[in-house]
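Engineer: As you go down the protein sequences, you meet chains A and V in turn. In the working numbering, each residue's number is its place in the first sequence (first place is 1) plus 5. In the working numbering, each residue's number is its place in the second sequence (first place is 1) plus 5. So that we are looking at the same thing, I have put the structure below in structure tokens.
Protein chains: 2
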Amino acid sequence: MYLAKVHIFLKPVVNDPQGLTIKSALHNLGFSLVSSIRAGKYIEIKVATEDQDIAREQVDEMCRKLLANPVIERYSFTIEKISFAEKNGLG
Amino acid sequence: MYLAKVHIFLKPVVNDPQGLTIKSALHNLGFSLVSSIRAGKYIEIKVATEDQDIAREQVDEMCRKLLANPVIERYSFTIEKISFAEKNGLG
Chain A
6 MYLAKVHIFL
16 KPVVNDPQGL
26 TIKSALHNLG
36 FSLVSSIRAG
46 KYIEIKVATE
56 DQDIAREQVD
66 EMCRKLLANP
76 VIERYSFTIE
86 KISFAEKNGL
96 G
Chain V
6 MYLAKVHIFL
16 KPVVNDPQGL
26 TIKSALHNLG
36 FSLVSSIRAG
46 KYIEIKVATE
56 DQDIAREQVD
66 EMCRKLLANP
76 VIERYSFTIE
86 KISFAEKNGL
96 G
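Rendered as structure tokens:
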């Protein structure tokens, strides 16, 4: 069993209205030190295989086919082996 | 200038409809190895201060006051000092 931690981000050239809205809200709350915000997605995926290469390939394909929009987003992920206890912890 | 990388997650006991939907979509696409998904948010915040303690306190307060809903979400973040070049790269 492997746990993939996937980060999905808008490309730097793409306007980020969610980030701008959060920044504006933080300024209104008095957090004047905030100079920029980028908002993205974080997805944890458990892959039921004991082969790290298969896990890595599968997650990469998931990102390309479903999770990220390659036109405006980029993604990165890390993969780690998890034990039986952790398997059951996250649900 | 500090860069905070904030992860926001639903608590493990809270139902995650977004994660379940992604899991179902991945199964439909043939990714049968996927055993569970948790979907969360990832936010990068640039804080214009040279004091790491202030940056850390401010980001923690932002999470509590705006970014995370403490009833159903938990958050974690890391903080790193960034140079002038990186300051301008992210927008």
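Heads up, the beta-carbon is just placed ideally off N, CA and C, and yes, glycines get one too. Just so it is clear, the structure is predicted and the values come from calculations on it, not from any experiment.
#1: Nearest chain V C-beta to A73 of chain A closer than 8 Å, yes or no?
#2: List, in chain order, every chain V residue whose beta-carbon is nearer than 7 Å to that of E62 of chain A.
#3: Rounded to whole angstroms, how far is the Cβ of I48 of chain A from the Cβ of L72 of chain A, which I believe are closer than 8 Å?
#4: Roughly how many whole angstroms lie between the Cα atoms of K10 of chain V and D65 of chain V?
#5: By how many angstroms is the C-alpha of V19 of chain A removed from the C-alpha of G96 of chain A?
#6: Taking 8 Å as the CB-CB limit, is E49 of chain A close to chain V?
#7: Check whether the stretch 15-35 of chain A touches the stretch 54-64 of chain A, taking contact to mean three or more Cβ pairs, one atom from each stretch, closer than 8 Å.
#8: Once the 5 residues before and after I77 of chain A are set aside, which same chain residues still bring their CB inside 8 Å of it?
#9: Please report the distance separating the alpha-carbon of K70 of chain V from that of E85 of chain V.
#10: Using the C-alpha atoms, what's the distance from L38 of chain V back to M6 of chain A?
#11: Run down chain A in chain order and give the residues with a C-beta less than 7 Å from the C-beta of K70 of chain V.
#12: Residues of chain A with CB under 8 Å from K86 of chain V, in chain order?
#13: Figure out for me which residue from A:H12, A:S40, A:G24 and A:I13 has the closest Cα to the Cα of K51 of chain V.
#14: With DSSP as the reference, label L71 of chain V as helix, strand or coil.
#15: Going by alpha carbons, who is nearest to D21 of chain A out of A:E55, A:R43, A:I13 and A:L8?
Structural biologist: The short version:
#1: Answer no: the Cβ-Cβ gap between A73 of chain A and chain V never drops below 8 Å.
#2: Using a Cβ-Cβ cut-off of 7 Å, E62 of chain A is close to nothing in chain V; its nearest Cβ partner there is about 10 Å away.
#3: Correct: roughly 6 Å between the Cβ atoms.
#4: If you take the alpha carbons of K10 of chain V and D65 of chain V, they lie about 11 Å apart.
#5: Confidence at G96 of chain A is low in this model, with a pLDDT of 42, below 50, so its placement is unreliable and no value can be given for it.
#6: So, interface residue.
#7: Touching, no, given that fewer than three Cβ pairs across the two stretches are closer than 8 Å.
#8: Exclusion of the five residues before and after I77 of chain A leaves L15, K16 and V19 as the residues of its chain whose Cβ lies within less than 8 Å of its Cβ.
#9: So the alpha carbons of these two residues sit roughly 22 Å apart.
#10: When the Cα atoms are used, M6 of chain A and L38 of chain V turn out to be separated by approximately 9 Å.
#11: Chain A residues near K70 of chain V: L34.
#12: Counting only Cβ-Cβ distances below 8 Å, K86 of chain V has no contacts in chain A at all, with the closest Cβ about 14 Å away.
#13: Closest option to K51 of chain V, Cα to Cα, is A:S40.
#14: Helix, per DSSP.
#15: Minimum Cα distance to D21 of chain A is reached at A:R43.
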